[in-house]
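Quick notes on the structure that follows.
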DNA sequence: GCCCGGGCTTTGGTCTGACCAAACAATTTA
DNA sequence: TAAATTGTTTGGTCAGACCAAAGCCCGGGC
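Chains as they are written, first to last, in our numbering: chain A, 10 to 260; chain X, 10 to 260.
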């Protein structure tokens with residue numbers, strides 16, 4: 010197995026906050042800490058682990074960024090560091106930056122959206138409750154009105170999110186939400202640059218309604234196909250056309 | 010639009026480190042900071058932003074956790090805080106914890122894997138280079154030997170990762186890697202509990218070879234179907250059977 | 001002139017100890 | 001009883017110090 014001698018990164022000796030992080034993760038992985046549970050106060054962790062408060066706080070910041078933790082001052086039941094479950098926030102933030110760093114070309118994101126949302130739509134068609142359908146219908150109805158483009162964009166997002174959540178798969182829903190949020194700004198920019206906005210809006214409305222109908226009719230195949238072509242077609246015909254002359258958006 | 014009065018979380022007044030984070034993100038989103046660029050030294054950021062070093066460091070920790078930053082001590086060209094691009098590390102870590110928190114039931118993860126990897130396989134079949142195929146074949150060949158289960162599991166991961174990367178879509182590849190890594194421990198546990206390990210290994214080998222052949226033959230449909238049924242079947246027949254009597258794994 | 005070694009500088013990593021402010025609880029007061 | 005006050009807990013912030021790793025630079029020796 011004599012691999013090339015390169016790529017022998019020196020073992021980065023663990024920093025203190027990483028050790029703290031490891032201890033807390035242990036507790037989570039072992040099941041000793043679940044959603045809703047509270048961590049000991051920072052000052053107490055300092056004693057327990059024998060490190061400085063700064064180290065503890067850096068570890069907590071990381072967990073918070075991952076959507077695993079939520080910190081509040083004060084004394085009440087909602088105070089302190091509480092284990093939470095907000096994966097989509099963390100995911101969204103992470104994807105946003107990496108997309109800005111051009112690690113993820115728009116084409117890749119479109120592909121990912123198409124894949125994830127196609128699957129979500131199929132799941133949704135199979136198991137959406139009346140309640141789920143209502144949640145999908147609300148933004149749909151609002152988009153039928155004349156709206157500012159920003160609001161239209163938000164409703165568009167809400168509609169797709171509702172589908173993902175109706176699928177009943179939190180992981181896929183969260184990834185869908187994160188990816189959709191990550192392109193939110195890009196889409197909004199595209200919306201604002203369109204010359205005949207109303208025509209585009211009309212097309213989107215029609216496609217959304219068709220998707221909704223397919224899901225309501227429990228036609229998984231059709232729902233999946235419609236969503237996929239909706240996403241691909243939209244980006245191909247509209248976004249790329251609008252953005253083709255630019256590199257970076259406005260600063 | 011008179012929504013219910015609840016859910017009016019008080020705006021959490023931004024904490025200092027969040028402001029620092031925002032400033033750095035601005036630079037990234039505006040394109041002033043790209044991969045490879047260096048941030049000013051911590052002490053300099055302290056002056057520039059007028060905050061304490063602790064606040065700066067907490068912000069940097071967050072970026073580091075997201076795989077956007079890499080910090081090293083010293084003076085050389087690789088020292089300081091450098092913008093990096095390691096999305097899969099951050100994603101993996103994030104998913105790992107949230108899976109442990111049971112936010113993501115195993116069934117959801119399986120569904121996500123099936124969806125993502127099916128799509129990756131189709132992409133790979135369409136564009137895999139000879140080099141990509143070689144990277145897929147290496148772990149495949151190693152799995153044909155008699156290996157410790159842990160190593161077998163690693164090769165299994167490598168094989169699936171190679172497919173994802175051959176697809177040429179970094180976002181989907183990173184999500185695939187993260188999800189696969191997140192279940193690494195679960196799978197390993199299952200492997201160790203199997204009674205007739207060799208039979209299972211044989212089955213996995215055969216399925217892997219079939220997938221490889223389909224991709225090499227550029228048969229996207231077949232590759233996608235095989236991967237999907239490989240993942241679903243494996244979990245249905247093996248993992249769930251092994252884990253059915255348990256709640257939490259060993260601590 | 002070239003190489004090598006020791007010291008200097010830069011930079012992140014860590015700790016200490018202090019004070020602030022929010023949120024709530026307990027107590028006193030009208 | 002109800003309102004106002006005080007106190008306690010807890011995270012948020014800061015200042016300042018010291019450590020250790022990694023290069024860089026300069027001088028001495030070959």
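Every residue gets a Cβ at the ideal spot worked out from N, C-alpha and C, and that includes glycine. Because the structure is a prediction, the values reported are computed rather than measured.
Check	Outcome
Span of the beta strand (DSSP E), counted from its first residue to its last, around residue 89 (chain X)	89 to 92
Residue 128 (chain X): first and last residue of the uninterrupted alpha helix (DSSP H) it sits in	115 to 136
Length of the line joining the Cα atoms of residue 98 (chain A) and residue 130 (chain X)	29 Å
Reduced DSSP secondary structure (H/G/I, E/B, other) of residue 227 (chain X)	coil
One or two residues paired with residue 78 (chain X) in a DSSP bridge	X:92
Rounded distance between the beta-carbons of residue 153 (chain A) and residue 214 (chain A), thought under 8 Å	6 Å
Interfacial residues, the region 178 to 192 of chain A to chain X, with Cβ spacing under 7 Å	178, 179, 180, 181, 184
Distance, residue 62 (chain A) Cα to residue 10 (chain X) Cα	Any reading at residue 10 (chain X) needs caution, since the residue's pLDDT is 42, under 50, leaving its predicted position unreliable; the model's value is listed next. Taking the straight line from one Cα to the other gives about 46 Å.
Rounded C-alpha distance that separates residue 25 (chain X) from residue 64 (chain X)	6 Å
Min CB distance residue 124 (chain X) to chain A below 9 Å	yes
Beta-carbon contacts of residue 123 (chain X) that lie in its chain and below 6 Å, excluding the five residues immediately before and after	237, 240, 241
Residue from X:217, X:229, X:73 with nearest C-alpha to residue 161 (chain X)	X:217
Three-state class that DSSP yields for residue 24 (chain X) in the structure shown	coil
Closer than 7 Å at the beta carbon, the chain A residues around residue 34 (chain X)	106
Segment contact, 8 Å Cβ cut-off, at least three pairs: the region 179 to 191 of chain X with the region 103 to 116 of chain X	yes
Where residue 256 (chain X) falls, given that 16 or more other Cβ within 10 Å makes a residue buried	In this predicted model, residue 256 (chain X) has a pLDDT of only 45, less than 50, meaning its place in the structure is not dependable enough to derive any value.
CB contact below 9 Å: residue 162 (chain A) versus chain X	no
Residue span of the alpha helix (DSSP H) that contains residue 142 (chain A), given as start and end	139 to 153
Residues bridged to residue 47 (chain X) [DSSP beta-bridge criterion]	X:91
Member of X:221, X:248, X:173, X:45 whose CA lies at the smallest distance from the CA of residue 201 (chain X)	X:248
Exposed unless 16 or more other CB atoms sit within 10 angstroms - verdict on residue 84 (chain X)	exposed
Cutoff 9 Å: residue 120 (chain X) Cβ touching any chain A Cβ	yes
Among X:209, X:227, X:229, nearest to residue 246 (chain X) - alpha-carbon criterion	X:209
Residue 29 (chain A) - DSSP class collapsed to helix/strand/coil	helix
CB contact flag (residue 113 (chain X), residue 180 (chain A), <9 Å)	yes
Chain A contacts from the region 58 to 90 of chain X (Cβ-Cβ distance under 7 Å)	63, 66, 67, 70, 71, 74, 75, 77
Cβ-Cβ distance between residue 92 (chain X) and residue 55 (chain X) below 9 Å	no
Interface flag, residue 100 (chain A) vs chain X, CB-CB below 9 Å	yes
CA nearest to the CA of residue 169 (chain X), picked from X:144, X:155, X:158	X:144
Coil, strand or helix - residue 192 (chain A) by DSSP	coil
Contact between the region 70 to 83 of chain A and the region 71 to 80 of chain X (3+ Cβ pairs under 8 Å)	yes
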